[in-house]
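When we follow my numbering, the leftmost residue of the sequence shown carries the number 343, and every step to the right adds one.
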Amino acid sequence: MGTLVVDEHPVRVIVVEALTKALARRRDNALALSAAVRAVLDAQPEMGIAEAYQLVDRLWVR
343 MGTLVVDEHP
353 VRVIVVEALT
363 KALARRRDNA
373 LALSAAVRAV
383 LDAQPEMGIA
393 EAYQLVDRLW
403 VR
């Protein structure tokens, strides 16, 4: 299971919640990552997919 690294990004709570929920349902890391990226894009639709992925990847050290 991955470790969450909390930095001071405004959507960090959204990322933490999405990862926690996905991993609690015994989803694999790829599905958890996808859920977190989707949650970031839902919260900040102006952010691109690549930027959302990089943000989630930075916040989550597997």
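For each residue, glycine too, the CB sits at the ideal point set by N, CA and C.
task: Work out the CA separation of E388 and A377 for me, nearest whole Å.
output: In the sequence shown, the residue the question calls residue 377 occupies position 35. In the sequence shown, the residue the question calls residue 388 occupies position 46. For A377 and E388, the distance between alpha carbons rounds to 17 Å.
field: Same chain only: Cβ atoms within 8 Å of L397, ignoring 5 sequence neighbours per side
entry: Within the sequence shown, numbered from 1, the residue matching residue 397 stands at position 55. Within the same chain, L397 has close Cβ partners H351, V353, V357, V382, M389.
Expected contact under 8 Å - CB spacing of W402 and L365 to nearest Å: In the sequence shown, residue 402 corresponds to position 60, counting from 1. In the sequence shown, residue 365 corresponds to position 23, counting from 1. With a Cβ gap of about 10 Å, W402 and L365 do not count as contacting.
message: Measuring straight from C-alpha to C-alpha, what distance separates L373 and I391?
response: By one-based count along the sequence shown, residue 373 stands at place 31. By one-based count along the sequence shown, residue 391 stands at place 49. Rounded to whole angstroms, L373 to I391 spans 15 Å at the Cα level.
message: Taking the alpha helix (DSSP H) that Q396 belongs to, which residues open and close that run?
response: As a working note, residue 396 is residue 54 in the sequence shown. Unbroken alpha helix (DSSP H) run through Q396: 391 to 401.
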